[in-house]
Amino acid sequence: MRSSILALLLTFSSVTAIFAQNNADKEAYTKMITERSAKIVANLGINDIKKTEKVTVIIRDQYSNLNDIYAARDARVKAIKEKNKDNKVVRDSALAKDGHIVEASLAKLHKKYIGKLSAQLTSEQVDLVKNGMTYNVLPITYKAYQEQILTLTEDQKKQILIWLTEAREHAMDAESSDKKHAWFGKYKGRINNYLSAAGYDLKKEGIEWEKRRKAKAKTN
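Taking mature numbering (1 follows the signal peptide of the UniProt record, and there is no 0), I'd label the letters of the sequence shown as residues -20 to -1, 1 to 200.
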């Protein structure tokens, strides 16, 4: 009897330790995404403290909701692989089906999120939030294309911006920094093919751009 009680106490102690660790992890994660969100909001020029806090919470919750979607996906993927480890056809079919479920969930969440932001912010501020969530890759890349190729037409600039904007919409929902950048990489490939088809020698344009940058650096 005594040994049974001792075993029960040890088990309870272990569960409590795990629960405490999970709570600590959750608190650390919440703190991290709150700070990340606050940094984004700091660049929006909001003077109302209550609105600042509200928008920060909206962005923080988006990070949390995205994490929930991917955590649930990871659990399902693990179960699918374990259940069908000897049947590749069934496994791959199940994984593809689950991928569609994730895409649908992300699309629904994305639309709802933009709606919440738009209710609080101007379209320009919403763009700043999107850029903040994607490391400002869009404005940096768009500027770089224009500096690299000085003869871009207005139509070409417009098309480049359209594709970078589309990449940003996907990147906002990506689960990691690498995957956010991967979305931009995919669309930059499309842009480069588009420019090459228009007759631009991107290698040559890059060399000339580097020369201009070095010359500018010497004068500064």
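Beta carbons: idealized from backbone N, C-alpha and C, even for Gly. Fair warning: this is a prediction, and the values are worked out from it, not measured in the lab.
- For H161, same chain residues with a beta-carbon under 8 Å away, outside a window of 5 residues either side, are Y115, V117 and A151 in chain order.
- In the three-state reduction of the DSSP assignment, K65 falls in the coil class, being assigned neither a helical nor a strand state.
- If you compare the alpha carbons of I39, E33 and I49 with that of E155, the shortest gap goes to I49.
- M152 carries a coil assignment under DSSP once its states are collapsed to helix, strand and coil.
- Straight through space, the alpha carbons of R56 and A74 are spaced by roughly 10 Å.
- Runs of alpha helix (DSSP H) with 4 or more residues, each lying fully within the segment 8 to 70, are found at 29 to 63, listed in chain order.
- The Cβ-Cβ distance between K110 and R53 does not fall below 9 Å.
- Between the segment 35 to 51 and the segment 16 to 25, the count of Cβ pairs shorter than 8 Å is three or higher; the stretches touch.
- Within a 10 Å sphere around the beta-carbon of L130 sit fewer than 16 other beta-carbons, which makes this residue exposed.
- Here T36 is buried. Its C-beta has 16 or more other C-beta atoms within 10 Å.
- At the C-beta level, E134 and Y167 stay beyond 9 Å of one another.
- The beta-carbon separation of K137 and Q126, rounded to 7 Å, stays under the 8 Å limit for a contact.
- Looking at Q100, G112 and A87, the one whose alpha-carbon comes closest to that of A22 is G112.
- Assigned with DSSP and collapsed to three states, L132 falls in coil, not helix or strand.
- Taking 8 Å as the upper bound for CB-CB distance, Q100 and K34 are in contact here, some 6 Å apart.
- Sixteen is the threshold: when 16 or more other Cβ atoms of the shown chains lie within 10 Å of the Cβ of T121, as they do, the residue is buried.
- In terms of Cα proximity to N27, the closest of K196, L175 and Q105 is Q105.
- Per the coordinates, the alpha-carbon of K58 lies some 55 Å from the alpha-carbon of N200.
- Between H90 and D5, the C-beta spacing is not below 9 Å.
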